[in-house]
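Heads up: the structure comes next, in structure tokens.
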Amino acid sequence: MKEIFDRVLLAGGVIARNLNIKHIISSLTEQLFDITGCNIACFYSLSDTGIRLLYRRGNFQVPEVLNKYDELFQFIIESKESVVLTERKKSPFISILLNDLMESGIAAPIGTNNKVYGFMIMNSINKYFFNRKLLSAIESISKLAGQYFHNSFLHNQLIEYTRKIESLERYQENIFSSMTNMLITTDITGNIKYFNPIAQKTFSLNKSDIGKNIKDVFSGKLTKRMLSYLDLPIQKGIEIIGAEGIYRSKDKEVDFSLNVTPLKTKRKKLEGITLLFHDQSREKELEKKFKKVKEERRLIKDIFSRYLSEEVVSKLMQNPNLIHLGGDKKEATIFFADIRGYTSFSEGKDPEYIVNVLNEYFSEAVEIIIKYRGFIDKFIGDCIMAAWGVPLQTEEEDARLAVSCALEIQEAIKNPKRKFFRGEASNLKIGIGMHTGPLVAGNLGSSRRLDYTVIGDTVNIASRLEGIAGPGEIIITNKTKSYLNNNFKVKSLQPVKVKGKDEPIKIYKVIKKVG
1196 MKEIFDRVLL
1206 AGGVIARNLN
1216 IKHIISSLTE
1226 QLFDITGCNI
1236 ACFYSLSDTG
1246 IRLLYRRGNF
1256 QVPEVLNKYD
1266 ELFQFIIESK
1276 ESVVLTERKK
1286 SPFISILLND
1296 LMESGIAAPI
1306 GTNNKVYGFM
1316 IMNSINKYFF
1326 NRKLLSAIES
1336 ISKLAGQYFH
1346 NSFLHNQLIE
1356 YTRKIESLER
1366 YQENIFSSMT
1376 NMLITTDITG
1386 NIKYFNPIAQ
1396 KTFSLNKSDI
1406 GKNIKDVFSG
1416 KLTKRMLSYL
1426 DLPIQKGIEI
1436 IGAEGIYRSK
1446 DKEVDFSLNV
1456 TPLKTKRKKL
1466 EGITLLFHDQ
1476 SREKELEKKF
1486 KKVKEERRLI
1496 KDIFSRYLSE
1506 EVVSKLMQNP
1516 NLIHLGGDKK
1526 EATIFFADIR
1536 GYTSFSEGKD
1546 PEYIVNVLNE
1556 YFSEAVEIII
1566 KYRGFIDKFI
1576 GDCIMAAWGV
1586 PLQTEEEDAR
1596 LAVSCALEIQ
1606 EAIKNPKRKF
1616 FRGEASNLKI
1626 GIGMHTGPLV
1636 AGNLGSSRRL
1646 DYTVIGDTVN
1656 IASRLEGIAG
1666 PGEIIITNKT
1676 KSYLNNNFKV
1686 KSLQPVKVKG
1696 KDEPIKIYKV
1706 IKKVG
């Protein structure tokens, strides 16, 4: 008994080390699994949507979801008591056994006297496994964990409540700071209490104006008629909507419309007024700029979202000036990957089957390319053309990412558990060619129809190397190799003659990644 008591104390100490819910659940399950020596130990959470498995120990299959309206759980929720089934027999609590091989089990509530957060369920392949000593230990640890669980829940609630308050305060300040309208508030006597940054800038206000009467501050800058509107919300409770006027100072004029509304507390007590100036002179200019930015971002999203990682698309949308009609000279790594044996494989086969084979492969390959921040330029039959360094350029990293991507694609093809190239297509392989060099990249077309692509001698050389690459091979040029440092093992091959080049170019076969 003392040994069990000591282990309960030890388990309590382990669980109490961290108030994190995940830690409590994992520690509770691990400790009870080790202390009892049972075959299954599972923690199931209770929520409005049901009972779901969150953590388990043991090598037996168990359900992911349990019926919260089962008699077993309704009894535990109502009584807050543990349930023990000593042997497999007809019982309203038979659902306590999570696997057909289990012969006995126990389910303990995790929570407080007022609330159940989940259930600790343990099973054994032996009858009468859970004796009084084990039941006592399980209940002691479960009740202790339930209190920690509740404390963690309250702690998280407090943190979340504090975070919401801080977030609302920041949100409110951000709203006022980012408003394009000029906001000023006064107390019931007309003294200025607050103005947002745009009001400060537009009306040349400063901190010393806080506490001054608004009519004095704007005297000579607004007409007497406009100033008289400021009295109406206080004196008669009238709102002024869309009053148009002009603010005049020594160095500027602002054409505006003004809303003046009473400022009230939650109990409807009047405590001042709110003035909201709308700068009409800026409206059309802002609307024009907004439409332009919106169109630029729409074009970027339409062109790139299917062929680039979300990270790169996000950067482009934040900086639309990186993309424009026409082309830019860039240093980039171009990648061609072609299926070897495709022509003979496809002969005599149903076109729909061939398309399915290609799409299964393309789906996997594209995800790998996007994972390594590559740009899918186009699909040419059974060939994928991709680029690194466009539209965003990092040179050395581009080459390393491209080669890493090629290796991962080849490894995926070697994997016997792959989800493509199956059945009759299981012998298909890929040859990959790459070259790094200057090219032109950009949107080619018109404002109605744009395609982002790359052109130049670098593209032609990469395509030529793809033709040289054998099944399962990755062939690169000396220029690409120069960016790899010692991160990859490569093998030198016989130089090849390329159309348009006087001298043969050095090429290498990539073997594996070593760093």
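Using the numbering used here, the first residue of the sequence shown is number 1196, and each one after it goes up by one. Where is the CB? At the ideal position from N, CA and C, for every residue including glycine.
DSSP-derived helix/strand/coil call for residue i
i	result
Lys1416	coil
Asn1386	strand
Arg1535	strand
Gln1689	strand
Ile1706	strand
Arg1358	helix
Ile1700	strand
Tyr1647	strand
Lys1483	helix
Thr1653	helix
Arg1613	coil
Arg1712	What the structure shows of the chain is the stretch from 1196 to 1710, and residue 1712 is not part of that stretch, so it cannot be assessed.
Leu1520	Bear in mind that the predicted position of Leu1520 carries a pLDDT of just 49, short of 50, making it unreliable; the figure below should be weighed with that in mind. Leu1520: strand per DSSP, three-state reduction.
Ala1601	helix
Phe1268	helix
Met1255	Note that residue 1255 is Phe in the sequence shown, not Met. If DSSP states are grouped into helix, strand and coil, Phe1255 belongs with coil.
Phe1398	coil
Ser1504	In this prediction, Ser1504 scores a pLDDT of 48, lower than 50, which makes its location untrustworthy; the coordinate-derived value is nonetheless stated afterwards. Reduced to three states, the DSSP call for Ser1504 is coil.
Pro1712	Absent from the structure is residue 1712, since the part of the chain shown begins at 1196 and ends at 1710.
Thr1675	helix
Leu1634	strand
Rounded Cβ spacing between residue i and residue j (contact assumed at less than 8 Å)
i	j	result
Tyr1678	Thr1631	6 Å
Phe1270	Ile1246	No, Phe1270 and Ile1246 are not in contact; Cβ-Cβ is about 14 Å, not under 8 Å.
Ile1435	Leu1427	6 Å
Leu1378	Asn1391	4 Å
Best match in the options for proximity to residue i [C-alpha to C-alpha]
i	options	result
Gln1605	Glu1298, Ile1301, Ala1527 and Glu1668	Glu1668
Ala1657	Lys1694, Lys1686, Leu1623 and Lys1459	Lys1694
Thr1384	Arg1251, Ser1362, Leu1425 and Arg1420	Leu1425
Ile1650	Gly1406, Arg1535, Val1585 and Thr1589	Val1585
Ile1670	Val1598, Ala1620 and Thr1418	Val1598
Phe1348	Lys1217, Ala1636, Ser1539 and Tyr1442	Lys1217
Ile1441	Arg1462, Lys1410, Gln1475 and Ser1423	Gln1475
Ile1565	Ile1579, Leu1553, Ile1575 and Asn1454	Ile1579
Val1705	Arg1252, Glu1526 and Leu1660	Leu1660
Lys1445	Phe1398, Thr1469 and Arg1617	Phe1398
Gly1536	Phe1255, Leu1553 and Leu1241	Leu1553
Asp1720	Ser1290, Pro1457 and Ile1387	Outside the shown range of the chain (1196 to 1710) lies residue 1720, about which nothing can therefore be said.
Phe1540	Phe1570, Met1374, Ala1620 and Lys1463	Ala1620
Lys1275	Ser1242, Thr1648, Phe1324 and Ser1337	Ser1337
Lys1674	Lys1684, Tyr1703 and Lys1686	Tyr1703
Gly1662	Asp1533, Lys1692 and Val1654	Asp1533
Ser1221	Ile1291, Phe1255 and Phe1314	Phe1314
Tyr1389	Ala1607, Leu1470, Asp1697 and Lys1285	Leu1470
Range of the contiguous alpha helix (DSSP H) that encloses residue i
i	result
Leu1458	Looking at the DSSP string, Leu1458 is not in any alpha helix (DSSP H); the run it does join, the beta strand (DSSP E), is Glu1448 to Lys1459.
Ser1221	Ile1216 to Thr1231
Ile1565	Pro1546 to Lys1566
Ile1441	Note, Ile1441: premise wrong, no alpha helix (DSSP H); beta strand (DSSP E) at Ile1435 to Arg1443.
Whether residue i touches residue j by CB criterion (8 Å)
i	j	result
Asn1681	Arg1595	no
Cys1233	Asn1326	no
Phe1531	Gly1628	yes
Gly1467	Asp1523	no
Ser1277	Ala1302	yes
Ile1320	Gly1300	no
Leu1715	Lys1708	The structure shown does not extend to residue 1715, since the chain is modelled only from 1196 to 1710, so the question has no answer here.
Phe1288	Tyr1312	no
Asp1572	Thr1528	no
Phe1238	Asn1376	no
Ile1717	Met1297	In this structure the chain extends from 1196 to 1710, so residue 1717 is not present and cannot be described.
Pro1666	Gly1626	yes
Asn1294	Val1257	yes
Gly1341	Ile1305	yes
Val1279	Leu1227	no
Lys1459	Leu1453	no
Arg1443	Lys1416	yes
Cys1600	Ile1563	yes
Tyr1264	Thr1224	no
Leu1634	Lys1525	yes
Pro1457	Gly1432	yes
Asp1559	Lys1614	A quick correction: the sequence has Glu, not Asp, at residue 1559. Yes, the pair counts as a contact, with Cβ atoms nearer than the cut-off.
Extent of the continuous beta strand (DSSP E) run through residue i
i	result
Tyr1239	Ile1235 to Ser1242
Lys1573	Phe1570 to Ile1575
Ile1669	Ile1669 to Thr1672
Pro1304	Ser1299 to Gly1306
Leu1623	Taken as a continuous stretch (DSSP letters only), Leu1623 belongs to no beta strand (DSSP E), as it is neither H nor E.
Leu1465	Leu1465 to Asp1474
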